[in-house]
Amino acid sequence: MYRHSIDICPDDPEELIRRLDSLAETGAEVINVIWQPRRAAEGDQSAAFDTSGSFLVISRRNAMTEAAAIDEREQSAIVA
């Protein structure tokens, strides 16, 4: 069974790299990265020229693998 998560990351490539590296270090699998433009307020026509936005990072973790790792840690603590 997988547990999915969606993170919002600012529109900054360096921050996106840090976020992706952080997910990889914790064992998450990145499924998709989507850039989305900033939502314009109704009636604000100047927002049509705004190029800022944010990244959506969709990732998942295998809950069964995490549970097994926790179980192994508990057993090793009992043995030690």
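In this text, residue positions in the sequence shown follow the working numbering: the first is 128, and each later residue adds one. Positions of the beta carbon are idealized from the N, C-alpha and C atoms, including for glycine.
Handout entry: Start and end residues, alpha helix (DSSP H) containing Glu156
Key = Segment Glu156 to Pro164 is the beta strand (DSSP E) holding Glu156; no alpha helix (DSSP H) there.
Handout entry: Euclidean distance between Cα positions of Glu156 and His131
Key = 9 Å
Handout entry: Same chain only: Cβ atoms within 7 Å of Gly180, ignoring 5 sequence neighbours per side
Key = Asp138, Trp162, Gln163, Pro164 and Arg165
Problem - Ser186, buried or exposed, once every other Cβ within 10 Å from all chains shown has been counted against 16 - result: buried
Exercise for the section: For Leu147, collect the residues of the same chain with a Cβ closer than 8 Å to its Cβ; drop the 5 residues on either side in sequence, then sort them by chain order. Expected result: Val157, Val160 and Val184
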